Amino acid sequence: MIGVQKVDIKVPKEEVPERGARKRAVARVWIWQKNNPSPNPEIYINRIPYDKYFQDKYLQIVVRRPLELTQRAERYVVFATVEGGGPSAQAQAVAHGIARALNKKEPELRKILKTHKLLTRDPREVERKKYGRRKARKTQQWKKR
126 MIGVQKVDIK
136 VPKEEVPERG
146 ARKRAVARVW
156 IWQKNNPSPN
166 PEIYINRIPY
176 DKYFQDKYLQ
186 IVVRRPLELT
196 QRAERYVVFA
206 TVEGGGPSAQ
216 AQAVAHGIAR
226 ALNKKEPELR
236 KILKTHKLLT
246 RDPREVERKK
256 YGRRKARKTQ
266 QWKKR
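Positions in the sequence shown are counted from 1; adding 125 to them yields the working numbering.
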């Protein structure tokens, strides 16, 4: 990502961000109607086009999934800021935020998004390490005799 040109993009004032989260990653997502519809999705993450931000093809698919399932990729511009977590968690947080924003804009899409579990925040988090143990659950070897 070194040397990637950041895009100067203005979010319309009337747009309110929607929040998406996964593990420690938190994304704020704005979506608005495109002026001229085009077949390729217009998604920017931290002012960088999503295919440059996530170079892994799988993560690009994860980010596009809510738009493709609802067939709205050519209708909306997506702008997201994401921080925390790793690349996979960030991609899932952005996808969660996009799904919530689509649900807010077009409530009739809720059923599609809900059946594919895109509106549900995955509650799994890393368990904290406990004192007296090696890891969260791993204990020292114990000898009975």
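For every residue, glycine included, the Cβ atom is placed at its ideal position computed from N, Cα and C. Quantities reported herein were computed from a predicted structural model and do not represent experimental measurements.
Taking all protein chains shown into account, ASN228 has 16 or more neighbouring C-beta atoms within 10 Å of its C-beta and is therefore buried. Collapsing the DSSP output to three states places ARG225 in a helix. With 16 or more other Cβ atoms inside 10 Å of its own Cβ, GLN217 counts as buried. Under DSSP, ARG147 takes part in a beta bridge, and its partners are ALA150. C-alpha of VAL251 to C-alpha of GLY210: approximately 11 Å in a straight line. Here the region 232-245 does not lie against the region 162-169, with fewer than 3 beta-carbon pairs under 8 Å apart. Within the same chain, Cβ atoms closer than 8 Å to the Cβ of ARG144 are found at VAL151, ALA152, ARG153, VAL154, GLY222, ARG225, the five residues on either side in sequence being excluded. For ILE186, there is no enclosing beta strand (DSSP E); the enclosing alpha helix (DSSP H) has its first and last residue at 182-194. Beta-bridge pairing by DSSP links GLN265 to no other residue.
DSSP lists ILE173, ALA205 as the beta-bridge partner residues of ILE170. When the alpha-carbon of ARG246 is set against those of VAL129, ARG149, GLN180, the nearest one is in ARG149. Excluding sequence positions up to five before and after LYS131, its CB lies within less than 7 Å of the CB of ARG172, ILE173, all in the same chain and listed in chain order.
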